[in-house]
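J.: Can you keep this structure in mind? I'll have questions shortly.
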Amino acid sequence: MRVNVDGAEFDIVDRGTGPALVLLHGFPLAKETWDAQAEALATRARVVRFDLRGLGKTAATPGPYLMEQLAGDVAEILDALDIERATLVGHSLGGYVALAFFRMFAERCAGLGLVCSRAGADGADQAETRRRLADRVEREGMEPVVEFFVPKYFAPDVYRERPDLIARARAIVEATDPRGAAAMLRGMAERVDSQDLFEEMRLPVHVVAGARDALIAETQARAIADGVAGAEYDLLDCGHFPLYETPDALAASLERLLARVVS
């Protein structure tokens, strides 16, 4: 199914039956990163995936892409699919989008899953790094993003022992439209702190962190679980990319979130 939202056409993968589950990918990645988990979870849920605006196969539109705009895209897609409420699970950037969606559409959230993500906004230095990287991407193409992110995605042993995983991730990053990547970098730099939402989160919340994550410190992920009453927390033996590094463990972790949603 294809849905047009504000000039961007989204190619939606919708599989399985049961409670709706939306899987949101990281930066600058695509819905295919969720392949293993989507297959496992579609046995017990209606699993919806699509490429975020400007990434994957979704065309770039003028940016910056604020998290609120991306959350609005999710809401429009749910409307097109006749889904009133869903559990949102976001990896990294996808977690920022899920938090923005909760802020705007809390009544539509059945549960939240945050995988290698954080609630805090960028500090001034990190925001400026994103903006400078966005400028470089517009001038030079995707190579600066490849150089910045791909060496930090995985735990050190994965680079030695699983070059196939590195190649899969790199291919997705390299295929990204530089215009979309730059617009997303600028949008991430502008995102607001979401820690004020913790007291309002009276729904199943599940946090997954990588013990060897070089992009999102484990303490930042744990801070979400510590701040949300009743949140559950899983620490996996991986870097920033449990979707590839520990696919079965991540699927099992998210199955526990689904079990809480339907209980």
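Residues in the sequence shown are numbered from 7 upward in steps of one, following this note's numbering. Virtual Cβ for every residue (Gly too), placed ideally from N, Cα, C.
1. Kindly give me the distance between the Cβ atoms of G193 and L35, rounded to whole angstroms, as I take these residues to be in contact under 8 Å.
2. Label M7 either buried or exposed according to how many other C-beta atoms from any shown protein chain fall within 10 Å of its C-beta, with 16 as the threshold for buried.
3. In chain order, what residues of the same chain lie with their CB nearer than 7 Å to the CB of L105, ignoring the 5 residues before and after it?
4. Alpha carbon to alpha carbon, how far is A235 from R208? Give it in angstroms, no decimals.
5. Does E146 come out as helix, strand or coil in the three-state DSSP assignment?
6. With distance defined between alpha-carbon atoms, name the residue in W40, Y165, D170 and G69 nearest to F56.
7. Between which two residues does the alpha helix (DSSP H) harbouring L84 extend?
8. So, do the region 158-170 and the region 256-267 have three or more beta carbon pairs nearer to each other than 8 Å?
9. Given this structure, state the Cα-to-Cα distance separating V198 from V103, to the nearest angstrom.
10. Using DSSP bridges, identify the partner residues of F16.
11. Please report how far the alpha carbon of A77 lies from the alpha carbon of F155, in whole angstroms.
12. Among the candidates D232, F107 and A220, whose CA atom is the shortest distance from the CA of P248?
13. For the region 180-189 against the region 128-143, do three or more pairs of beta-carbon atoms, one drawn from each stretch, fall closer than 8 Å, so that the two count as touching?
14. Quick one: is P210 buried, meaning 16 or more other Cβ sit within 10 Å of its Cβ, or exposed?
15. What residues match up with C115 in a beta bridge as DSSP calls it?
16. Just the Cα atoms here: how many angstroms apart are D131 and Y165?
17. In terms of residue numbering, what span does the alpha helix (DSSP H) encompassing D41 cover?
18. Strictly by DSSP, which residues pair up with A26?
19. On a Cα-Cα basis, can you pick out the residue from A227, A81 and I230 that is closest to F107?
20. Ends of the alpha helix (DSSP H) at D254?
21. Rounding to the nearest angstrom, what Cα-Cα distance links A231 and E251 in this structure?
22. In terms of residue numbering, what span does the beta strand (DSSP E) encompassing E238 cover?
23. On the criterion of 16 or more Cβ atoms from any shown chain inside 10 Å, does A181 qualify as buried, or is it exposed?
24. Rounding to the nearest angstrom, what Cα-Cα distance links G117 and L30 in this structure?
25. Under DSSP, the alpha helix (DSSP H) around A173 begins and ends at which residues?
26. Could you tell me the boundaries of the beta strand (DSSP E) in which G216 lies?
27. If you reduce the DSSP assignment to three classes, tell me which class R138 lands in.
T.: Looking at the coordinates:
1. Contact doesn't hold; Cβ gap of about 15 Å is too wide.
2. It counts as exposed.
3. Contacts found: A125, S200 and L203.
4. 8 Å
5. helix
6. W40
7. M73 to A86
8. Not touching, per the Cβ criterion.
9. Between the alpha carbons of V198 and V103 lies a distance of about 11 Å.
10. In DSSP, F16 forms a bridge with V9.
11. 24 Å
12. Comparing Cα-Cα distances from P248 to each of D232, F107 and A220, the minimum goes to A220.
13. yes
14. buried
15. Partner(s): A92.
16. 28 Å
17. D41 to L47
18. R52
19. A81
20. P253 to V268
21. 22 Å
22. E238 to L242
23. Result: exposed.
24. 14 Å
25. P169 to E180
26. V211 to G216
27. helix
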